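4 protein chains.
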Amino acid sequence: MTHRIAILGASGYTGAELVRLIATHPAIEIVALSADRKAGQSMAEVFPHLRHLDLPRLCRIEEIDFSSVDLAFCALPHATSQEVIAALPRDLRVVDLSADFRLRDVAEYERWYGKPHAAPDLQAEAVYGLTEFYRDRIRGARLVAGTGCNAATGQYALRPLIAEGVIDLDRIVIDLKTGVSGAGRSLRENLLHAELSEGTHPYSAGGVHRHLAEFDQEFSAIAGRPVRVQFTPHLLPANRGILATVYVDGDPRRVHEVLAEAYATEPFLHVLPFGELPSTRHIRGSNFCHVGVTGDRLGGRALVVAALDNLTKGSSGQALQNANLMLGEDETTGLMLAPVFP
Amino acid sequence: MTHRIAILGASGYTGAELVRLIATHPAIEIVALSADRKAGQSMAEVFPHLRHLDLPRLCRIEEIDFSSVDLAFCALPHATSQEVIAALPRDLRVVDLSADFRLRDVAEYERWYGKPHAAPDLQAEAVYGLTEFYRDRIRGARLVAGTGCNAATGQYALRPLIAEGVIDLDRIVIDLKTGVSGAGRSLRENLLHAELSEGTHPYSAGGVHRHLAEFDQEFSAIAGRPVRVQFTPHLLPANRGILATVYVDGDPRRVHEVLAEAYATEPFLHVLPFGELPSTRHIRGSNFCHVGVTGDRLGGRALVVAALDNLTKGSSGQALQNANLMLGEDETTGLMLAPVFP
Amino acid sequence: MTHRIAILGASGYTGAELVRLIATHPAIEIVALSADRKAGQSMAEVFPHLRHLDLPRLCRIEEIDFSSVDLAFCALPHATSQEVIAALPRDLRVVDLSADFRLRDVAEYERWYGKPHAAPDLQAEAVYGLTEFYRDRIRGARLVAGTGCNAATGQYALRPLIAEGVIDLDRIVIDLKTGVSGAGRSLRENLLHAELSEGTHPYSAGGVHRHLAEFDQEFSAIAGRPVRVQFTPHLLPANRGILATVYVDGDPRRVHEVLAEAYATEPFLHVLPFGELPSTRHIRGSNFCHVGVTGDRLGGRALVVAALDNLTKGSSGQALQNANLMLGEDETTGLMLAPVFP
Amino acid sequence: MTHRIAILGASGYTGAELVRLIATHPAIEIVALSADRKAGQSMAEVFPHLRHLDLPRLCRIEEIDFSSVDLAFCALPHATSQEVIAALPRDLRVVDLSADFRLRDVAEYERWYGKPHAAPDLQAEAVYGLTEFYRDRIRGARLVAGTGCNAATGQYALRPLIAEGVIDLDRIVIDLKTGVSGAGRSLRENLLHAELSEGTHPYSAGGVHRHLAEFDQEFSAIAGRPVRVQFTPHLLPANRGILATVYVDGDPRRVHEVLAEAYATEPFLHVLPFGELPSTRHIRGSNFCHVGVTGDRLGGRALVVAALDNLTKGSSGQALQNANLMLGEDETTGLMLAPVFP
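Residue numbers (the working numbering), protein chains in the order written: chain A, 2 to 343; chain B, 2 to 343; chain C, 2 to 343; chain D, 2 to 343.
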């Protein structure tokens with residue numbers, strides 16, 4: 002059986018990544034691609050790397066006949082998403098890749114995003130899309146909220162450790178390095194090649210990055226008490242890849258053991274042998290997340306390093322993984338592509 | 002039916018790329034991986050991006066039981082290949098990725114490679130592996146010689162034009178830009194990141210690059226007279242991708258027409274609309290080759306630009322495409338992966 | 002004696018490069034920096050790499066008291082320049098870095114730039130700023146027109162060869178590779194890091210790039226007959242550097258000899274030993290241009306390769322070199338900085 | 002007066018960087034350049050970016066007449082340095098760029114470097130070369146030990162804070178990102194372009210990186226008690242630049258204040274306004290170090306970020322700064338070059 006899907010906002014990087022992944026998916030057919038400002042163009046004009054595919058032309062959302070669509074991926078900008086999704090048929094399954102439905106608490110949303118949510122009922126209904134931890138609820142969900150790509154990386158490093166109580170919850174530092182495609186295809190001076198290549202710098206440091214809202218929500222829920230991490234993202238001169246270097250207080254062997262056990266049967270989460278740490282190059286273009294643990298000369302300190310591809314496991318791969326669950330397919334279908342190295 | 006294959010020389014980039022591609026191939030099983038100097042190691046130690054795969058441990062060639070192998074990919078260095086292949090069982094199908102069997106003429110081989118060929122009988126038997134032009138012979142071949150990656154790119158731009166007689170055979174200039182992975186994983190000062198990033202330079206210019214031997218052999222055979230092109234390769238600060246900018250004397254519209262017709266039904270060769278030129282970014286990690294044509298303000302001059310990924314369509318993807326033919330599989334099996342952009 | 006200069010359009014890359022170079026110039030003081038949209042900001046806010054310098058705050062052009070300015074560098078966008086310069090005091094010396102005054106012929110300007118020139122009298126007066134070939138006229142000029150960066154590179158490879166009549170004027174091909182900073186700090190999707198890194202592509206191919214107007218003007222003037230070259234620029238994944246690979250018909254040893262003689266006493270133009278070809282990495286950040294020549298297996302063909310830094314020798318370094326001449330300083334003052342490698 | 006200097010080990014990146022910096026130094030003349038394995042070659046053959054300079058040919062150390070040398074820079078590999086320096090004339094001033102004389106304690110040296118020191122008397126004599134903190138002793142020193150490049154970066158972020166007692170000495174985390182040129186021009190598979198570009202990974206994590214020995218020595222000396230930091234270096238896909246992201250417990254405003262006061266008159270150390278954080282791009286190719294401080298939503302935590310160029314301020318620029326002091330020159334001579342951006 003072939004599932005018919007639509008991608009709303011197909012002219013951005015996450016939209017293109019969805020098309021790339023679905024291209025070899027045996028049970029999904031793309032029936033509509035929307036991109037308001039580029040409506041009428043072919044996907045090959047907007048993304049020449051997809052020119053070998055037979056794809057519908059880009060259209061406006063209102064031109065889509067959703068009655069023949071089984072599931073819609075919504076890859077629209079934050080804030081736009083909630084309005085568009087609120088206007089979709091109520092029985093249409095939706096995987097949203099924006100930040101709009103990640104937070105369960107209306108007040109938290111307003112605090113971090115600076116304005117009231119336009120669809121609080123949907124916000125309440127949405128299931129948080131970190132597949133490995135919300136699998137059962139995602140299977141039956143109508144609306145799944147894709148996680149932040151940084152937020153996913155940090156959670157893969159930390160969730161089992163918080164759940165098992167093996168680290169000090171008040172001394173967690175996440176130093177994160179991310180490729181530039183996470184910022185999307187938007188026209189900003191600070192995203193130009195000449196500005197970004199050949200160097201690195203921190204951004205949104207000091208507790209203001211919005212993915213902190215996800216960390217707060219999820220870690221506090223697991224711990225049953227407020228957990229507040231320190232988080233410093235840095236921009237890397239690379240297109241893809243996130244590396245989270247996480248400093249925790251805890252026994253490193255135990256930390257490794259807990260992660261290895263938690264992810265033992267996970268198809269996409271690989272815990273490296275103790276003492277080995279991952280590289281973003283080795284997950285590039287794939288849905289895999291590599292997690293490594295090592296100790297320190299200072300006893301009682303552990304380093305947990307997680308690496309994933311922000312466009313794949315951090316957004317579009319995760320979205321397809323969730324869609325597979327919602328559509329009754331095997332979770333890994335279309336997602337076992339090996340990383341592209343070098 | 003599953004075909005059992007071995008990869009000899011699995012610790013180089015083309016070996017790793019073969020594993021990446023075969024990883025999602027439905028009808029091929031990897032039963033042996035050799036790497037003399039790294040024998041005993043797991044593939045994950047040598048290429049951590051392949052750690053999710055269940056692969057045989059690296060071994061020495063002499064440890065492989067070839068009686069249970071249907072086809073061997075030989076990704077060994079030039080010169081080593083001919084000796085290893087000569088020692089393999091005579092009924093074993095082999096796809097060689099080295100330069101050892103590309104030239105049909107013993108004297109030409111010796112002239113370009115500086116020493117006599119060690120297996121001239123095999124050299125005579127080998128079929129040149131440019132799939133689209135040797136398809137029928139490859140299907141029945143026992144030994145297929147993978148082409149040079151630069152040589153493949155230039156030929157995709159030029160073969161139909163020479164065959165149709167629409168360009169001046171004495172005024173062909175190929176200015177080529179190639180990513181660094183084409184030079185392999187060898188320890189050379191001029192392949193260090195600090196030496197190569199952030200700039201470009203020509204190398205092996207002036208008629209000495211060995212891929213010229215392939216251009217000479219193939220273009221002369223098509224034309225029925227000697228054809229000698231000018232060829233200047235440049236090293237790009239990028240890991241993958243070859244762009245050949247080819248200057249020819251001929252009517253640009255006719256040039257475009259001939260290429261478009263020649264490749265109309267080819268699954269991997271895409272001729273862009275007249276006036277559009279390709280980018281290496283848009284074929285990265287895939288088996289596709291994009292070819293574009295434009296004219297010049299100077300009448301009677303045409304520009305043909307071809308782009309492909311040196312590790313995929315330029316070597317390992319081509320090798321798998323040929324293996325598919327030799328094994329009776331559909332030529333495109335396992336090779337329809339979309340390019341990875343950005 | 003200290004010369005007082007102003008930089009109009011200081012918020013772009015060529016403006017910043019002028020400041021970088023002048024920072025260690027012993028006889029030039031920067032008294033005004035204009036940037037209309039960023040007026041009021043400090044240079045350190047716009048270019049943090051200049052924060053160690055004591056510079057005037059960015060202002061609007063009309064705020065500058067030109068009576069105390071000895072020379073103005075005009076680093077404004079094309080078309081804007083001609084209007085601004087026309088409004089400056091007539092006795093103010095000006096080095097313009099835009100394309101506005103490069104063409105001596107009014108009709109040619111209109112043909113290539115698509116609209117009539119707003120200051121044809123100034124256009125007639127302007128001296129073309131390719132220092133080594135217009136040195137005497139630049140010394141006494143009031144208005145000097147900086148050359149295109151690509152145009153400069155191609156001319157360094159070709160001018161002496163055309164002047165000496167040692168190459169076929171009807172078979173010149175310039176295949177050029179340029180870093181991305183040449184496109185400036187403008188907000189264009191195709192200048193984003195995620196779009197440009199890791200690959201290459203041709204642009205403005207087929208005889209439409211505006212720097213062809215300079216090639217036509219200059220080469221024809223030297224030859225005393227129309228000369229029309231073929232020219233294909235490519236964008237490189239590097240910030241700085243232009244490499245022009247020039248294919249000519251001529252005797253390679255003679256070609257080398259002519260270039261070596263022509264540039265024997267030039268402080269910034271270095272002709273490499275015959276057979277050696279340059280790399281953009283080795284002129285990065287400097288005012289040097291390296292030129293190499295080699296032959297081909299095809300007799301009577303020569304390859305000339307020139308490399309320079311588009312922001313330095315290709316624009317701001319050239320501008321300072323010209324200003325030195327106009328101000329009576331030694332031409333090399335402040336410009337002998339060694340390239341930055343790696 | 003012109004000082005005559007020799008550079009021992011001129012064929013590595015730090016040697017080349019010394020030549021680049023000295024090229025525009027008004028009072029230093031290079032009289033000898035050694036490189037054992039490349040003796041007899043010209044510097045232009047080994048580093049074509051220096052071809053415009055009139056330099057002595059590379060020679061073997063024993064060929065140098067040290068009686069006419071005022072000061073030698075020793076840019077040899079670790080362990081080699083101590084033997085070479087021990088054999089130099091005892092009255093020759095030496096700036097060593099290796100790790101050999103950084104540690105004052107013989108036992109510590111042996112512990113971190115795995116073998117006894119070959120010249121313990123020189124080790125005792127050597128002055129630690131972090132200019133801003135050892136200025137007076139460097140002025141009169143005969144042997145100055147250049148610091149580790151990572152060690153310098155971390156110390157610029159932390160020394161004044163430890164001295165003033167404004168941070169918790171038991172909770173210091175240094176997460177560091179470094180460009181690849183810090184690893185030198187050595188032939189190692191993990192330094193190839195294809196291995197390093199497009200990603201990041203930690204290395205020598207968990208308390209084993211040798212620059213920790215310098216942190217331990219210096220921070221403990223300042224504090225008057227053992228100080229042990231956590232330190233995780235990461236390799237960046239960029240040639241130059243180190244960014245140290247330092248997590249401390251302390252009042253962020255006070256942290257900023259202490260650093261701003263400490264560096265108020267330093268020519269090369271720039272403390273940014275509170276809340277601004279540096280980028281490695283903005284110090285590239287220069288001797289400047291930018292330091293930024295911000296707070297966190299968690300009270301009592303501060304982030305200190307320091308950026309410098311590993312080849313300049315982190316090694317060769319520092320070496321020249323120290324040599325200036327030893328030779329009685331102004332400390333900044335030849336070092337005020339502005340960073341190269343973009």
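Each residue gets a CB set at the ideal place from its N, CA and C atoms; glycine is no exception.
All of these numbers come straight from a predicted model, not from anything done at the bench.
Per DSSP, the unbroken alpha helix (DSSP H) holding E215 of chain A starts and ends at 212 to 224. Per DSSP, reduced to three states, the secondary structure at V167 of chain B is coil, with no helix or strand assignment. Residues T179, V181, L197, T201, H202, Y204 of the same chain have their beta carbon placed closer than 7 angstroms to that of L236 of chain A, with the five preceding and five following residues left out of the count. Any Cβ of chain B closer than 9 angstroms to the Cβ of A239 of chain D would place that residue at the interface, and such an atom is present. The stretch 127 to 140 of chain D makes contact with the stretch 95 to 104 of chain D, as at least three CB pairs between them are under 8 angstroms. Flagged as an interface residue toward chain A: T25 of chain B, by a C-beta distance shorter than 9 angstroms.
Closest in alpha carbon position to L22 of chain D, among D:L326, D:L328, D:Q319, is D:Q319.
For the options D:L59, D:I62, D:A73, the alpha carbon positioned closest to that of L321 of chain D is the one of D:A73. Neighbourhood of G286 of chain B in chain A, by CB distance below 7 angstroms: G286, V341, in chain order.
Nearest Cα to T333 of chain C within the set C:E109, C:R112, C:R136, C:V70: C:R136. Cβ atoms of V249 of chain C and A303 of chain C come within 8 angstroms of each other, at about 5 angstroms.
Excluding residues up to 5 positions away in sequence, A28 lie with their Cβ nearer than 7 angstroms to the Cβ of E330 of chain A in the same chain. Short of 7 angstroms from the beta carbon of E267 of chain D, and not among the five residues preceding or following it, lie these beta carbons of its own chain, in chain order: E133. DSSP places A33 of chain A in the strand class (E or B) of the three-state scheme. Contact check between the stretch 32 to 43 of chain B and the stretch 334 to 341 of chain B: fewer than three CB pairs, one atom from each, fall below 8 angstroms, which does not count as touching.
DSSP places A125 of chain D in the helix class (H, G or I) of the three-state scheme. No Cβ of chain B is located within less than 9 angstroms of the beta carbon of H235 of chain D.
In the structure shown, the three-state DSSP call for L273 of chain A is coil. In the structure shown, T281 of chain D adopts helical secondary structure according to DSSP, grouped into three states. Look at the beta carbons and you see the stretch 75 to 89 of chain B touching the stretch 10 to 19 of chain B: at least three pairs across the two are nearer than 8 angstroms. Rounded to whole angstroms, the Cβ separation of M2 of chain C and I139 of chain C is 20 angstroms, and the two are not in contact under 8 angstroms. Among the residues of the stretch 119 to 141 of chain A, none has a Cβ less than 8 angstroms away from any Cβ of chain C. Contact check between the stretch 105 to 120 of chain A and the stretch 147 to 159 of chain A: fewer than three CB pairs, one atom from each, fall below 8 angstroms, which does not count as touching. Per DSSP, the unbroken alpha helix (DSSP H) holding G318 of chain B starts and ends at 318 to 327.
Less than 9 angstroms divides the Cβ of R282 of chain C from the Cβ of G242 of chain C.
Bounds of the beta strand (DSSP E) holding A308 of chain D are 302 to 309. When A:P343, A:G293, A:N311 are compared, the shortest CA-CA separation from L312 of chain B is found for A:P343. Interface criterion met: the Cβ of R52 of chain B is under 9 angstroms from a Cβ in chain A. I175 of chain D: member of the beta strand (DSSP E) spanning 174 to 179, first to last residue.
A339 of chain C is a Cβ neighbour of H50 of chain D, given a cutoff of 9 angstroms.
Apart from sequence neighbours up to five positions away, the residues of its chain that approach L192 of chain C with a beta-carbon distance below 7 angstroms are V181, A184, ordered along the chain.
In the displayed model, F67 of chain B falls within a helix according to three-state DSSP.
Any Cβ of chain B closer than 9 angstroms to the Cβ of H257 of chain D would place that residue at the interface, and such an atom is absent. For S205 of chain A, no chain D residue has a Cβ inside 9 angstroms of its Cβ, as the nearest lies near 10 angstroms away. When secondary structure is reduced to three states using DSSP, F134 of chain D falls in the helix class. Taking 9 angstroms as the cut-off, the Cβ atoms of A308 of chain B and L244 of chain B count as close.
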